[in-house]
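Quick note on my numbering: the sequence shown kicks off at 110 and runs consecutively.
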Amino acid sequence: NSNDITGTGDINITGTATATSYEGDGSNLTGIGVVLQVVQDTFTSTFLTTSQTNVDTGLAVTITPRSTSSKILIMAKVDMAWDNAAAKCFIDLTRGDTPIFIGDTSGNKQQATSAFYLATGCYTGLATSVVYEDSPATTSATTYKIRMRRADPQGTVGLNRGIDGWTDSSTFANSASSIIAMEISG
């Protein structure tokens, strides 16, 4: 109809104008960040490890950027859990297997994206969020992962056990984790 704007080039509007929608993939828009694509992975089963070095949890998302200038916004909700023998649980956000969003080095402390500690032993689970904007500068398929390790020399850590999820009881639950990658035009 007569209210539609189509074609290419600059648009100059004087007076009063109202825009209600835009149809297209946003690839021709410049000067503003436009979401070009969204990819999500959910992880609803449980993952357990006794490793003191990073291992894949199964929570991962792969995105193929349309432009080398694109930014990738990563958002994740991760339910970390550990048993009463492991008081520390660490996760890293990685591109491939390389950590990309971790704390600075400081003495003997480990670097991590997120870490949980308990002063006393108990079965527990806690949710953490990860929000990070990456600039991979590639148009190749890129995988972002949540990797996990325990810090203590004993015990088990994992995903999606919920509060006291090691106990098989109807008063406890297994939970869910997710990771989303959004490509934003540069």
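Even glycine gets a Cβ: it sits at the ideal position worked out from N, Cα and C. Remember, predicted model here, so these are calculated numbers, not experimental data.
- 8 Å or more divides the Cβ of V144 from the Cβ of A290.
- Cβ atoms of T237 and M189 come within 8 Å of each other, at about 6 Å.
- Y226 sits exposed, since fewer than 16 C-beta atoms from the chains shown fall within 10 Å of its C-beta.
- Excluding the 5 residues flanking it on each side, P208 has same chain C-beta neighbours closer than 6 Å at D201, in chain order.
- It is roughly 25 Å from the alpha-carbon of L168 to the alpha-carbon of S294.
- 8 Å or more divides the Cβ of S244 from the Cβ of K186.
- The residue among T162, I172, S178 and F210 with its C-alpha nearest the C-alpha of K197 is T162.
- Taking 8 Å as the cut-off, the Cβ atoms of L268 and F199 do not count as close.
- The C-alpha of T265 lies about 19 Å from the C-alpha of T222.
- Cβ atoms of T248 and S176 come within 8 Å of each other, at about 7 Å.
- As for any beta strand (DSSP E) of minimum length 3 sitting wholly inside the stretch 224 to 287, the runs are 233 to 243, 251 to 259 and 266 to 268, ordered along the chain.
- Secondary structure note for P174: it is in no beta strand (DSSP E), with a DSSP letter that is neither H nor E.
- Here P174 is buried: its Cβ has 16 or more other Cβ atoms, across all protein chains shown, within 10 Å.
- Within 10 angstroms of the beta-carbon of G234 lie 16 or more other beta-carbons, which makes it buried.
- The three-state reading of DSSP puts V143 in coil, since its state is none of H, G, I, E or B.
- N283 and I211 have their C-alpha atoms roughly 27 Å apart.
- Non-local C-beta neighbours of D165 in its own chain, meaning closer than 8 Å and more than five positions away in sequence, comprise K254 and R256, ordered along the chain.
- According to the DSSP assignment, T158 belongs to the beta strand (DSSP E) that extends over F156 to T158.
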